[in-house]
Amino acid sequence: MRFTKVCFCPYTSEKQFCLNDINSSVMPQNVVARHFGCHRNTILSLWRRFRQSGNTRDRRRSGRPRVTSRRQDNHIRLVHLRNRFQTSSLTARSIPGLRPISSRTVRNRLREHNIRPRRTEIRPMLLPRHRAARLTWCRRYLRFRIQDWANILFTDESRFHLDSSDGRSRVYRRVGERYADACVIQRQSFGGGSVMVWGGITAHGRTPLVVVAGNLTGIRYRDEIVQPYVIPFIQAQANNVTFQQDNARPHVARVVRDYLTQ
Numbered sequence: 222m223r224f225t226k227v228c229f230c231p232y233t234s235e236k237q238f239c240l241n242d243i244n245s246s247v248m249p250q251n252v253v254a255r256h257f258g259c260h261r262n263t264i265l266s267l268w269r270r271f272r273q274s275g276n277t278r279d280r281r282r283s284g285r286p287r288v289t290s291r292r293q294d295n296h297i298r299l300v301h302l303r304n305r306f307q308t309s310s311l312t313a314r315s316i317p318g319l320r321p322i323s324s325r326t327v328r329n330r331l332r333e334h335n336i337r338p339r340r341t342e343i344r345p346m347l348l349p350r351h352r353a354a355r356l357t358w359c360r361r362y363l364r365f366r367i368q369d370w371a372n373i374l375f376t377d378e379s380r381f382h383l384d385s386s387d388g389r390s391r392v393y394r395r396v397g398e399r400y401a402d403a404c405v406i407q408r409q410s411f412g413g414g415s416v417m418v419w420g421g422i423t424a425h426g427r428t429p430l431v432v433v434a435g436n437l438t439g440i441r442y443r444d445e446i447v448q449p450y451v452i453p454f455i456q457a458q459a460n461n462v463t464f465q466q467d468n469a470r471p472h473v474a475r476v477v478r479d480y481l482t483q
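So for the sequence shown, the numbering used here puts the first residue at 222; every next one is plus one.
Structure below.
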């Protein structure tokens, strides 16, 4: 009768025990089989596997066959790189082939290429000259220190739309593509049901929040914002404060520039 060295391990499956020299006991194979409630050939198979590989773990299996071919996988990747906002369900319905696939399969294939659905970033529409001007401004003040920025009064208006859709959209993108042109939604400031407010901040405080009714012109900007809010705020600061604003038309109107240069 053949004897086998067996070490019982605290796993529930009958196949999950070690065959090594640690805490081992010499037991016949049929006794081991009766102990685990399995056939003697199972113990023999496990012992052979242990001699071949050094363990009794199940060998790697091929798994369920992929429902998509390599050509279909490339097609899914290209579709979502060309149209980042296309949904996975629409892609699943449009994939050519004899076997239908699910939207989950589409997302799995995209994940293999590190393309994942993310929340879409929304930014204002910028022309190339706008981007160039912003880049020039950033390079100009690249070496500004914290104390330099502390004396800047940043001001701007913001319009909040009350009746626009708040539905979320998803975009399929890779790491580092959060603000890529193909992965963002550009919106203009238009539409009904909105309210506009103006405000300014520094490192030491903030101006009052001013509600702007109607369209803001250069004269209104001077009379309703600059004179009653900007100038008194700057005069109340202990340090010299620089007034910072963008190049919106009301801000650069001649009446405003003439008033600020007085």
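Glycine residues also receive a C-beta, built at the ideal position from the N, C-alpha and C atoms.
- According to DSSP, Ile343 shares a beta bridge with Ile406.
- By alpha-carbon distance to Val288, the top candidate from Arg269, Leu319, Asn304 and Thr308 is Leu319.
- The Cβ atoms of Val476 and Arg443 sit closer than 8 Å to each other.
- Arg337 and Gln466 have their C-alpha atoms roughly 38 Å apart.
- When beta bridges are read from the DSSP output, Trp419 appears opposite Glu378 and Val431.
- Exposed is the label assigned to Glu342, since fewer than 16 other Cβ atoms lie within 10 Å of its Cβ.
- Exposure of Glu333 is indicated by the presence of fewer than 16 other C-beta atoms within 10 angstroms of its C-beta.
- Excluding five sequence positions before and after Ala371, the CB atoms of its chain that fall closer than 6 Å to its own CB belong to Ala424, given in chain order.
- The three-state secondary structure of Thr357, taken from DSSP, is helix.
- Taking 8 Å as the cut-off, the beta carbon of Gly421 is found no closer than this to the beta carbon of Phe365.
- Going by C-alpha positions, Cys359 is about 48 Å away from Pro317.
- Annotation: the continuous alpha helix (DSSP H) that includes Val477 extends over Arg475 to Leu481.
- Per DSSP, the beta bridge partners of Arg391 are Arg340.
- Collapsing the DSSP output to three states places Thr312 in a helix.
- When only Cα atoms are considered, Arg394 and Pro345 end up about 20 Å apart.
- Note on geometry: alpha-carbon atoms of Ala469 and Gln458 lie some 26 Å from one another.
- When the beta-carbon positions are compared, Val462 and Ile452 stay at least 8 Å from each other.
- Put simply, the backbone Cα of Ser266 is about 20 Å away from that of Ser283.
- Contact between Val418 and Glu445 fails: their C-beta atoms lie close to 12 Å from each other, not under 8 Å.
- For Val396, the closest of Asn436, Pro449 and Arg340 by C-alpha to C-alpha distance is Arg340.
- Of the other Cβ atoms in all chains shown, 16 or more fall within 10 Å of the Cβ of Asp294; this residue is therefore buried.
- Taking C-beta atoms as the reference points, Val431 and Tyr450 count as a pair closer than 8 Å.
- If you check the CB distance, Gln273 and Ile264 do not come in under 8 Å.
- Boundaries of the alpha helix (DSSP H) around Phe454: Ile452 to Gln456.
- Pro471 carries a coil assignment under DSSP once its states are collapsed to helix, strand and coil.
- Per the C-alpha coordinates, the member of Val405, Glu398, Gly426 and Ser290 positioned closest to Val327 is Ser290.
- If you compare the alpha carbons of Val447, Ala434 and Ile406 with that of Asn304, the shortest gap goes to Ile406.
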